[in-house]
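For reference, the structure discussed in these notes is given below.
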Amino acid sequence: MKLQEGRRKKANTIILEFGSQKKDLIRDFRQGRGRLFKKVTQAISELQKAGEIDNDVQPVIAIVRQKKSIKTLWD
449 MKLQEGRRKK
459 ANTIILEFGS
469 QKKDLIRDFR
479 QGRGRLFKKV
489 TQAISELQKA
499 GEIDNDVQPV
509 IAIVRQKKSI
519 KTLWD
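Structure below.
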């Protein structure tokens, strides 16, 4: 095997940061549904339309933090 044939194509990595979100939204995102998942797919399609990424892009890293819940006197 030649060195050039053995090289892999560099992967297109997309990093999306959505800040703090409620734990229900994060759970839905992990299961591949919900508002955050729709935002990720929309962002990828917009980047594809703009020509910034290829149509066969796969690796996506989404950074989401769980929003701190506010505890009241009754919690």
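Counting along the sequence shown from 1, when you hit position 72 you're at 520 in our numbering, and nothing is skipped either side. Just so you know, even glycine gets a beta-carbon here, dropped at the ideal spot from N, CA and C. Here the structure is a predicted model, which means the values were calculated and not measured.
Measuring alpha carbon to alpha carbon, tell me which residue in K519, K515, T489 is nearest G467. The residue labelled residue 467 in the question sits at position 19 within the sequence shown. Comparing Cα-Cα distances from G467 to each of K519, K515, T489, the minimum goes to K515.
CB-CB under 8 Å to I509, same chain, minus the five flanking residues each way: which ones, in chain order? As a position in the sequence shown, residue 509 is number 61, starting the count at 1. Listed in chain order, the non-local C-beta contacts of I509 below 8 Å within the same chain comprise T461, I462, I463, L464, local neighbours out to five positions each way being set aside.
For the alpha helix (DSSP H) containing P465, list its first residue and its last residue. On the sequence shown, residue 465 is found 17 positions in, with the first residue counted as 1. For the sequence presented, residue 465 should be read as Glu rather than Pro. Careful: E465 lies outside any alpha helix (DSSP H), inside the beta strand (DSSP E) at 462–469.
Using the beta-carbon count (16 or more within 10 Å), is I518 buried or exposed? Along the sequence shown, read from residue 1 onward, the residue named residue 518 stands at position 70. It counts as exposed.
Should I511 go down as buried or exposed, given a rule of 16 or more other Cβ atoms within 10 Å for buried? Taking the sequence shown and counting its residues from 1, the one referred to as residue 511 is at position 63. So I511 ends up on the exposed side.
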